[in-house]
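This report refers to the structure that appears directly beneath it.
There are 4 protein chains.
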Amino acid sequence: MRAVAGVGGLSVSLDLTKRESFSYFHREQIRFSDTDMLGHVNNVAYAAMVESGRIAYLRSVVPGLYVVMARIEIDYRAELHYPAEIDVGCALLRVGRSSIVLGNGVFDGDLCGAAAVTTLVLIDKVTRRSTPISDEARTRLDSVVR
Amino acid sequence: MRAVAGVGGLSVSLDLTKRESFSYFHREQIRFSDTDMLGHVNNVAYAAMVESGRIAYLRSVVPGLYVVMARIEIDYRAELHYPAEIDVGCALLRVGRSSIVLGNGVFDGDLCGAAAVTTLVLIDKVTRRSTPISDEARTRLDSVVR
Amino acid sequence: MRAVAGVGGLSVSLDLTKRESFSYFHREQIRFSDTDMLGHVNNVAYAAMVESGRIAYLRSVVPGLYVVMARIEIDYRAELHYPAEIDVGCALLRVGRSSIVLGNGVFDGDLCGAAAVTTLVLIDKVTRRSTPISDEARTRLDSVVR
Amino acid sequence: MRAVAGVGGLSVSLDLTKRESFSYFHREQIRFSDTDMLGHVNNVAYAAMVESGRIAYLRSVVPGLYVVMARIEIDYRAELHYPAEIDVGCALLRVGRSSIVLGNGVFDGDLCGAAAVTTLVLIDKVTRRSTPISDEARTRLDSVVR
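Protein chains in written order, with this note's numbering: chain A, 3 to 148; chain B, 3 to 148; chain C, 3 to 148; chain D, 3 to 148.
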């Protein structure tokens, strides 16, 4: 999908279903327990792999952000099968006051299994409420927005 | 969220964050392994519970449909914690030519942890390609659309 | 299996494959994502359900113990299938200086899917090292040992 | 642990807690969702990673065996933490008439997180009952037994 995050309607021109849209990839192994009785990789495993890619990427940009998920959209594009090594493409799409929007593509070679857009919100560890992104973190985040 | 499925823009007037929007509930147990190092229920577990509710509900309406996921949107509304019994509210929002859109709310008591909209596509077991919903199945599905 | 915990050779006369061996049961739902490409419930899901039963049971006897797993043995007795409601039978088999041995049976009705013996060790939250069970906790634990 | 598989008492001289005991390793990524509210990798994730290593290894020796788990023993030796790349050491310990016993070590660098012994049983796909290992498969398996 073209990244369109949220009902609110952010629209960016990055095709998350193409490997070449990404410059950062996180490698994951499909596990046998990721499969389900339909014989393919269960959709829940996509979410787990996207999460791991997303966190690895975000940490590489700004270590130590304490974020929780606000929203995820996943477009399932193709069935994936065990065994496979998966590349989770990761890109930063938008930085808000206290939120971050990331785009991911899940690839088995050139086959796109899924595209995902995730909105994360920075929260305070104690109050568990959203808190603004610091200037320092914003500067780093802004430098990689696509 | 008001159920708004897909970028295409289906809009229905069912508030998936309210228990009273649902007449069918699927009960799930939060498992200890559903938690993560942030101390709450990991977002991937929400997807697993929503899936189980969705399938149980769909089977109760029309047994034997062979569907795969095309898309999911999840709005995370509140952190859930272990231990808890969770009610996954399930409603059918739309029936297309070969697709079905379901709405789900994830509740711990009255607390809504998440709302989700899922698009499923009926496929042929052998070709793995989408196939039209039969008239018989459609009649049953139409009878419960909200 | 007759409960035989650990290579060291604790032997107790409780048949973990029979429902009637247990007076405490924890109810779990098989989730669709618990299945694997062999069409049955994946062995990893048994471990997740046993864990949830074990923790619920232990909390009902003594709340607040901070334990980690030292060892688990699982005998797989029968394939389980989706959908099903599972009863995890729970019994306390032995209380050591800083360790606890629990026995579990995983049942779909009267069918025993698995029997498990788990050794837990009480640890100090900060040092992460084993620490003795308090007299108060021991009294409670001893009162339910089978 | 020294590999001691099953109550029956197979005893072999392979220390599954040492990297140097293994010549085959399977690489896995710890996923964020593998962690639990205790802040470490949940024990269930160890089982999932051991399974993936076991299956990859077994397929490298004899492709196409249709096996189910009969028994697993896991000794948890050290807490593992996210993020980490894990090496699952794999060795074949014993070949029976219709069963196979494998030993695994789970390593984060040189740190052994767990050692596991698994008994698999070859079954007939249709009857779901145990079936003898073919001579051809046995020859291949025997050639790698430790």
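Yeah, the Cβ is synthetic: ideal placement off N, Cα and C, and Gly gets one too. What you are looking at is a predicted structure, and each value in this text was computed from that prediction instead of being measured.
Cα-Cα separation between residue i and residue j, rounded to whole angstroms
i: arginine 99 of chain C; j: arginine 140 of chain C; result: 9 Å
i: isoleucine 57 of chain A; j: arginine 21 of chain D; result: 29 Å
i: threonine 121 of chain D; j: isoleucine 32 of chain A; result: 23 Å
i: glycine 41 of chain B; j: cysteine 92 of chain B; result: 27 Å
i: methionine 71 of chain D; j: leucine 143 of chain C; result: 32 Å
i: valine 103 of chain B; j: tyrosine 68 of chain C; result: 44 Å
i: arginine 96 of chain D; j: arginine 148 of chain D; result: 8 Å
i: proline 134 of chain A; j: proline 65 of chain A; result: 16 Å
i: alanine 116 of chain B; j: threonine 19 of chain B; result: 7 Å
i: arginine 130 of chain C; j: aspartate 36 of chain A; result: 31 Å
i: serine 132 of chain B; j: aspartate 38 of chain C; result: 23 Å
i: alanine 136 of chain D; j: proline 85 of chain A; result: First, the residue type needs correcting, since residue 136 of chain D is serine and not alanine in the sequence shown. Those two C-alpha atoms are separated by around 24 Å.
i: isoleucine 125 of chain C; j: tyrosine 26 of chain C; result: 25 Å
i: alanine 17 of chain B; j: arginine 61 of chain D; result: Strictly speaking, residue 17 of chain B in this sequence is aspartate, with alanine absent from that position. Distance between the alpha carbons of aspartate 17 of chain B and arginine 61 of chain D: 49 Å.
i: alanine 47 of chain C; j: glycine 105 of chain D; result: 21 Å
i: isoleucine 74 of chain C; j: glutamate 138 of chain A; result: 47 Å
i: valine 146 of chain C; j: valine 123 of chain C; result: 18 Å
i: valine 63 of chain B; j: valine 63 of chain C; result: 41 Å
i: serine 101 of chain B; j: serine 101 of chain D; result: 45 Å
Local conformation of residue i per DSSP, three classes
i: glutamate 75 of chain A; result: strand
i: alanine 58 of chain C; result: helix
i: valine 63 of chain D; result: helix
i: alanine 80 of chain C; result: coil
i: asparagine 44 of chain D; result: coil
i: serine 101 of chain D; result: strand
i: aspartate 17 of chain D; result: strand
i: phenylalanine 24 of chain B; result: coil
i: isoleucine 32 of chain A; result: coil
i: valine 52 of chain B; result: helix
i: alanine 116 of chain A; result: strand
i: aspartate 144 of chain D; result: helix
i: alanine 93 of chain D; result: strand
i: aspartate 137 of chain B; result: helix
i: arginine 37 of chain D; result: Going by the sequence as given, residue 37 of chain D is threonine instead of arginine. Threonine 37 of chain D: strand per DSSP, three-state reduction.
i: threonine 121 of chain C; result: strand
i: threonine 129 of chain C; result: coil
i: glycine 107 of chain A; result: strand
Neighbourhood of residue i by C-beta, 8 Å cutoff - its chain only, sequence neighbours within 5 removed
i: asparagine 45 of chain B; result: Ile76 and Tyr78
i: serine 54 of chain D; result: His28, Glu30 and Val90
i: glutamate 87 of chain C; result: Arg29, Glu30, Gln31, Ile32 and Asp110
Close beta carbons around residue i, own chain, < 6 Å, minus the five adjacent residues each side
i: leucine 113 of chain D; result: Ala80
i: asparagine 59 of chain A; result: In the sequence as presented, asparagine is not what sits at residue 59 of chain A; that position holds tyrosine. Cβ within range, chain order: Tyr26 and Cys92.
i: lysine 127 of chain A; result: Tyr68
i: alanine 49 of chain D; result: none
Close-in-space but distant-in-sequence residues of the same chain around residue i (CB under 7 Å, 5 per side omitted)
i: phenylalanine 24 of chain D; result: Gly91, Cys92, Ala93 and Gly107
i: histidine 83 of chain B; result: His42 and Val43
i: methionine 51 of chain A; result: Glu30, Ile88, Val90 and Val108
i: phenylalanine 34 of chain C; result: Tyr84
Which residues, in chain order, does the stretch 16 to 46 of chain B contribute to contact with chain D at a C-beta distance below 7 Å? Phe34, Ser35, Thr37, Asp38, Met39, Gly41, Asn44 and Val46
Can you give me, in chain order, the residues of the stretch 71 to 99 of chain C that have a beta carbon less than 8 Å from any beta carbon in chain D? Met71, Ala72, Arg73, Ile74, Glu75, Ile76, Asp77, Tyr78 and Glu81
Near-chain B residues of the stretch 114 to 147 of chain A - C-beta to any C-beta below 7 Å: Arg130
May I ask you to list, following chain order, the residues of the stretch 50 to 69 of chain B that have a beta carbon less than 9 Å from some beta carbon of chain C? Ala50, Met51, Glu53, Ser54, Arg56, Ile57, Ala58 and Arg61
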